[in-house]
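Under my numbering, the first residue of the sequence shown carries the number 180, and numbering increases by one thereafter.
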Amino acid sequence: MHALPQDITIHCPAKLNLFLHITAQRNDGYHELETLFQFIDLCDDLHISATTDGRIDLLTPLQDVSHEDNLVYRAAMLLMPLRKDAQQGAQISLHKRIPMGGGLGGGSSNAASTLIGLNQLWGLGLDRRQLADLGIQLGADVPVFIFGQAAFARGVGEQLVAVEPAPAWYLVVHPQVHVSTASVFQHPDLPRNSAPITTELSEWASHRNDCQSLVASLYPPVAKAIDWLVEYAPTRMTGTGACVFGCFDSQAAAQKALAAMPSAFSGFVAQGLNTSPAWQGL
Ligand SMILES: C[C@](O)(CO)[C@H](O)COP(=O)(O)OP(=O)(O)OC[C@H]1O[C@@H](n2ccc(N)nc2=O)[C@H](O)[C@@H]1O
Ligand SMILES: Nc1ncnc2c1ncn2[C@@H]1O[C@H](COP(=O)(O)OP(=O)(O)OP(=O)(O)O)[C@@H](O)[C@H]1O
180 MHALPQDITI HCPAKLNLFL HITAQRNDGY HELETLFQFI DLCDDLHISA
230 TTDGRIDLLT PLQDVSHEDN LVYRAAMLLM PLRKDAQQGA QISLHKRIPM
280 GGGLGGGSSN AASTLIGLNQ LWGLGLDRRQ LADLGIQLGA DVPVFIFGQA
330 AFARGVGEQL VAVEPAPAWY LVVHPQVHVS TASVFQHPDL PRNSAPITTE
380 LSEWASHRND CQSLVASLYP PVAKAIDWLV EYAPTRMTGT GACVFGCFDS
430 QAAAQKALAA MPSAFSGFVA QGLNTSPAWQ GL
């Protein structure tokens, strides 16, 4: 039998929703979506060391998130009952770069990478489907980060079909407001009855983010960020916001727009990725 690795570093990419249509609301309150996910090369880094004290130690606290609520810790807790040996434990540290609560899926990506990493370190032998089924308990965006390929998603984000969105560079603009995902999905004015998609996924003009008008009206800085960025490139909000992204043909064009960005916003240039770096080297 091969010895298990003792240490692992896993990238946790951010995602963009290139479009997001809401087609229905389920009886449990969750919304049925049709969305196109692409990863971007802005990543958090997760480092996991195997231990033999049967504990999960999270070495890097996050501001405003308790250990018990941290999606890294919660993901590890989901795998604890599946260990082969109760002495198996882990020390985990997270280097955060993805802004939190911006619609970039950082917490879900951290959770997915924790499941991927501990599955490897503890030798659990779970396949991607089994990991995704566990991960969806933590958030609707976790399965795509386990799936590891750009995807067209239905359901709440768990029915995934691999796709190849065109190569692109993005300027991602953070309007510096925090938008709560739950409050957007609870809002009475959210449109919830988009027709299922019949057009090409790549046709930008046929698609939209159904949360965007509502979020822009509730949060004026989001509207201002869109109004500014749309002068440079086709622009859309990701997830339930607050971040918005412009699509550029080249890194240089995206950088040029970033250089002109008003100081009220923060932003970064990122490349679209159709394969998640989380699985690199595994
Ligand atoms: C908007 C997206 O980012 C699109 O990728 C995701 O659907 C949101 O995924 P997430 O942040 O992982 O969200 P979750 O933590 O699963 O859900 C937060 C809250 O948003 C609402 N919610 C979320 C996803 C969904 N399809 N319908 C919902 O109504 C639920 O009230 C839920 O309590
Ligand atoms: N490891 C983590 N990283 C980021 N957020 C976390 C983490 N653990 C728990 N959270 C909580 O989850 C919330 C959402 O974080 P996240 O960065 O995933 O939001 P998001 O980018 O808006 O995601 P989405 O697009 O899935 O709505 C945070 O505001 C925070 O309270």
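The beta carbon of each residue, even a glycine, is placed where N, CA and C say it ideally should be. Here the structure is a predicted model, which means the values were calculated and not measured.
Item to check | Beta-carbon separation (whole angstroms), Leu258 vs Leu303, contact threshold 8 Å | outcome: 7 Å
Next on the checklist: Let me confirm a value: Asn372 is counted as buried when at least 16 other C-beta atoms fall within 10 Å, else exposed. Which label applies?
Outcome noted: exposed
Next on the checklist: Could you check whether the Cβ of Ile277 sits closer than 7 Å to any heavy atom belonging to ligand 2?
Outcome noted: For Ile277, the shortest C-beta to heavy atom distance toward ligand 2 is below 7 Å.
Checklist entry - For Phe444, which option in Ala402, Ser429 and Gly336 has the closest C-alpha, if you only look at C-alpha atoms? => result When each option's Cα is compared against that of Phe444, the closest is Ala402.
Next on the checklist: Tell me the DSSP secondary structure of Lys275 in three-state form.
Outcome noted: coil
Next on the checklist: Quick check on Tyr349: does DSSP put it in helix, strand or coil?
Outcome noted: strand
Checklist entry - Leu126 lies in the alpha helix (DSSP H); which residues open and close that run? => result Only positions 180 to 461 of the chain appear in the structure, and residue 126 is not among them; the question remains open.
Item to check | Neighbourhood of Asp248 by C-beta distance below 7 Å, restricted to the same chain and skipping five residues each side | outcome: none
Checklist entry - The beta strand (DSSP E) with Ile227 in it runs from where to where? => result Taken as a continuous stretch (DSSP letters only), the beta strand (DSSP E) holding Ile227 covers His210 to Thr230.
Checklist entry - Are Cys426 and Ala329 touching if we call contact CB-CB under 8 Å? => result no
Checklist entry - By a C-beta neighbour count over all protein chains shown, 10 Å radius and 16 as the cutoff for buried, is His366 buried or exposed? => result exposed
Checklist entry - At what residues does the beta strand (DSSP E) containing Thr417 begin and finish? => result Run containing Thr417: none; DSSP gives neither H nor E here.
Checklist entry - Start and end of the beta strand (DSSP E) containing Ser445? => result In this chain, the beta strand (DSSP E) harbouring Ser445 covers Ser445 to Leu452.
Next on the checklist: What I want to know is whether the C-beta of Thr176 ends up closer than 7 Å to one or more non-hydrogen atoms of ligand 2.
Outcome noted: A query on residue 176 cannot be resolved here, the shown segment of the chain reaching from 180 to 461 and no further.
Checklist entry - For Val244, which of helix, strand or coil comes out of DSSP? => result Val244: strand per DSSP, three-state reduction.
Item to check | Val423 (DSSP reduced to helix, strand or coil) | outcome: The DSSP-derived three-state label of Val423 is strand.
Next on the checklist: Considering only the alpha carbon of each residue, which of Thr419, Ile187 and Trp458 lies closest to Trp301?
Outcome noted: Ile187
Checklist entry - Nearest-angstrom Cα distance between Gln267 and Ala291? => result The straight-line gap from Cα to Cα measures roughly 19 Å.
Checklist entry - Do you know how far the Cα of Gly208 is from the Cα of Gly233? => result 37 Å
Item to check | Residues near Pro370 in its chain [Cβ-Cβ closer than 7 Å; skip 5 each side] | outcome: Ile201 and Asp389
Next on the checklist: So if DSSP puts Cys191 in a beta bridge, which residue, or which two residues, is it bridged to?
Outcome noted: Asp223
Item to check | Whole-angstrom C-beta distance between Gly327 and Thr454, which should lie under 8 Å | outcome: 7 Å
Checklist entry - Closest to Leu215 by CA distance: which of Val340, Ala449 and Ser429 is it? => result Val340
Checklist entry - Of all the beta strand (DSSP E) runs that stay within the bounds of the segment 346–385, which reach a length of 3 or more residues? => result If one requires a minimum length of 3 residues, the beta strand (DSSP E) runs lying completely within the segment 346–385 are 348–353, in chain order.
Item to check | Euclidean distance between Cα positions of Pro240 and His246 | outcome: 7 Å
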